[in-house]
Structure formats: structure tokens, C-alpha cells
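Q: Input: one structure, supplied below.
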Ligand SMILES: [Zn+2]
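Numbering (the numbering used here), first residue to last: 15 to 272.
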């Protein structure tokens, strides 16, 4: 996927134009979005893991002109990525989703309680109950998942921060396509709301990993020792995420939540 980095354009680029073009792959027209981003180091092709949107980011206007040719050369790679884009699972009544790593079925619940709540039946069946009009069920479930994600991610990040004696400047929860969490040089932590779908040990690992970066802004041996001190085994959650990344992206379309 990588090309040797071209020298960076020094000229200031004008407002980033977004172009849409079609790329023929195996005779099928595939829409491609071309974007200019002066901060990019080289031409890069991306395929969104859940929506299948193909984007080529170009660092300069000059390279933008070669973007389609570049994408064409990556046709096989794009086709393979598109094949892996999973069918989306709507969050409506009767659907099954993962929540905290357990399969839950979404069912109607009598009004009077909260709009959405979790129930566990005697036979072990786990249910996400949602009340109100059925056409609003998916929206309500999504709101619930994001709210729970924010509550839990905030709480766990603050917990690990206290253990390590560090202080994040801001914690954001959003819908990131390629990373589950990140830590910026300005001490901002960012997490994907989809971590609420994964088993607790996975969420714990991602949060501990990013908080540990507030002490060690690298992936050196000291950093990994710190993460292992916080959560023990790090291979198991990493393997789980590698195996289930596409699954977590099946639920609900990409949205941004601050
Ligand atoms: Zn890291």
C-alpha cells in the first residue's frame, strides 16, 4: 500500500476540493472520492471497513491528478477490501447484536421504564428492551449504546489515569473506522463507541493502552510493561479485536458523537 514518500509540497494548497470519480473494477463501476490533504505524506487509498467507501487522499494538486491512476494500480487490493465489507446489521426490533461481548436480541418493552434497558431471562437469553414506536427503535438503541459507551469509557479512562497518576486533557467518543482508541500529543484520548459491543476485557485493554500513552508516548518495552501491569494479558484482547473488527463495524452506520 505504501509508496516511497514524495517530497512534501511547500506551496499552500487552496481549499481542499473533493472530487468523485468512478473506477472500473472487474467491469463494475466503483465510486471513488478524491480528497486533497496537504498534511498527507503521499497518495494513499482507503476503503472504509464498514461502508466500503473508497477514498484516495492526495498531498498536493499535482498528485491529485495521478490519484485515479494510483487507485487503478491498487484495484486488486480495493476489490479484496470491498469483498470483506460486511452486510450492515440494522438495530431494529428482532435483530441480534453484541453488547459487552454477549449476543442480545432487541425486543419491544412496555413503556414506563427508561427508553432502553437490558434484561436477562431465566433461560439465559439476553434482551435489549426498547419502547416507543418501532420505527424509532434503531435510533434509540444506537443512542443507548453510545451513551453507555461514553459513560463506561470515561469512567475506565479516569480509573486508569488515577492508577498511573496521569491526567488526560479530554476524552472523546466517536466512530473511528481504523482505530479503536488514540492518544494525541496534546493528551486527548479518543475511543470508538463500538468498544461497548466487545467483551469487557477488550474495552479495558484499549482504554489502558491509550491511558498508558500519557506516561509512555511510544510502543517500547516500558510501555508494554505498563499496559500489562494494568490489564495483564494483552495478546488476547488484541487477537479478539483483529478477529472481530469487521463484526463490530456491521452495526449501524458511521456517525460522529462528541
Ligand atoms: Zn498505542
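Ideal Cβ placement from N, Cα and C applies to all residues, glycine included.
Could you check whether the stretch 210–217 touches the stretch 110–127, counting it as contact only if at least three pairs of C-beta atoms, one from each stretch, sit closer than 8 Å?
A: Yes: at least three Cβ pairs fall under 8 Å.
Q: Between the beta-carbon of residue 241 and the beta-carbon of residue 266, is there less than 8 Å?
A: Within the chain shown, numbered from 1, the residue matching residue 241 stands at position 227. Within the chain shown, numbered from 1, the residue matching residue 266 stands at position 252. Not closer than 8 Å, so no.
Q: If I follow the unbroken alpha helix (DSSP H) through residue 235, where does it start and stop?
A: Here residue 235 refers to the residue found at position 221 of the chain shown. 235–245 is the extent of the alpha helix (DSSP H) around residue 235.
Q: Measure from the alpha carbon of residue 56 to the alpha carbon of each residue in 70, 47 and 66, then state which is nearest.
A: In the chain shown, counting from the first residue as 1, residue 56 sits at position 42. It is 70.
Q: Since residue 158 and residue 187 should fall inside the 8 Å C-beta cutoff, what is the C-beta to C-beta distance between them, to a whole number of angstroms?
A: Counting from one through the chain shown, the residue named residue 158 turns up at place 144. Counting from one through the chain shown, the residue named residue 187 turns up at place 173. That pair is no contact at about 14 Å.
Q: Please classify residue 278: does DSSP put it in a helix, a strand, or coil?
A: Any question about residue 278 goes unanswered here, given that the chain covers just 15 to 272.
Q: Near residue 96, what residues of its chain come up, given a Cβ to Cβ distance below 6 Å and the 5 sequence neighbours on each side ignored?
A: The residue labelled residue 96 in the question sits at position 82 within the chain shown. Excluding positions up to five away in sequence, the list reads 66.
Q: Nearest to residue 147 by alpha carbon, out of 173, 93, 245 and 106?
A: As a first step, residue 147 is located in the chain shown; it is residue number 133 there, counting from the start. The candidate whose alpha carbon is nearest that of residue 147 is 106.
Q: Does DSSP put residue 19 in a helix, in a strand, or in coil?
A: Counting from one through the chain shown, the residue named residue 19 turns up at place 5. Only weak support exists for where residue 19 lies, its pLDDT of 46 falling under 50; the value from the coordinates is given anyway. Looking at residue 19 - three-state DSSP - the assignment turns out to be coil, as it is neither helix nor strand.
Q: Spatial neighbours of residue 144 within its chain, please: C-beta separation below 8 Å, excluding the five flanking residues on both sides.
A: Here residue 144 corresponds to residue number 130 of the chain shown, with the count starting at 1. For residue 144, where only same-chain residues beyond five positions count, the Cβ hits under 8 Å are 107, 120, 121, 122, 123, 129, 130, 151, 154, 155 and 158.
Q: At 4 residues or longer, what runs of the alpha helix (DSSP H) sit wholly inside the stretch 160–230?
A: List check, alpha helix (DSSP H) in window: 214–226.
Q: For residue 137 and residue 166, what's the separation of their Cα atoms in angstroms?
A: As a working mapping, residue 137 is identified with position 123 in the chain shown. As a working mapping, residue 166 is identified with position 152 in the chain shown. If you take the alpha carbons of residue 137 and residue 166, they lie about 27 Å apart.
Q: By the three-class DSSP mapping on this structure, what secondary structure does residue 64 have?
A: Here residue 64 refers to the residue found at position 50 of the chain shown. Here residue 64 sits in coil by DSSP.
Q: Please report the straight-line C-alpha distance between residue 263 and residue 74, rounded to a whole angstrom.
A: Sequence index remark: in the chain shown, residue 263 carries index 249 (1-based). Sequence index remark: in the chain shown, residue 74 carries index 60 (1-based). Approximately 31 Å, taken between the alpha carbons.
Q: Which class does residue 116 belong to by DSSP, given the choice of helix, strand or coil?
A: Working through the chain shown from its first residue, we reach residue 116 at position 102. Reduced to three states, the DSSP call for residue 116 is strand.
Q: With distance defined between alpha-carbon atoms, name the residue in 111, 218, 230 and 192 nearest to residue 199.
A: The residue you call residue 199 lines up with position 185 of the chain shown. Nearest option by C-alpha distance: 230.
Q: Helix, strand or coil: which one does DSSP assign to residue 42?
A: For the purposes of this step, residue 42 is taken as the residue at position 28 of the chain shown. Looking at residue 42 - three-state DSSP - the assignment turns out to be strand.
Q: Compute the Euclidean distance between the alpha carbons of residue 72 and residue 132, then round it to the nearest angstrom.
A: To locate residue 72, count along the chain shown from 1; it is residue 58. To locate residue 132, count along the chain shown from 1; it is residue 118. Distance between the alpha carbons of residue 72 and residue 132 is about 46 Å.
Q: Closer than 8 Å by C-beta to residue 253: which residues in its own chain qualify, once you throw out the five before and the five after it? Chain order, please.
A: Residue mapping note: residue 253 aligns to position 239 of the chain shown, counting from 1. For residue 253, where only same-chain residues beyond five positions count, there are no Cβ hits under 8 Å.
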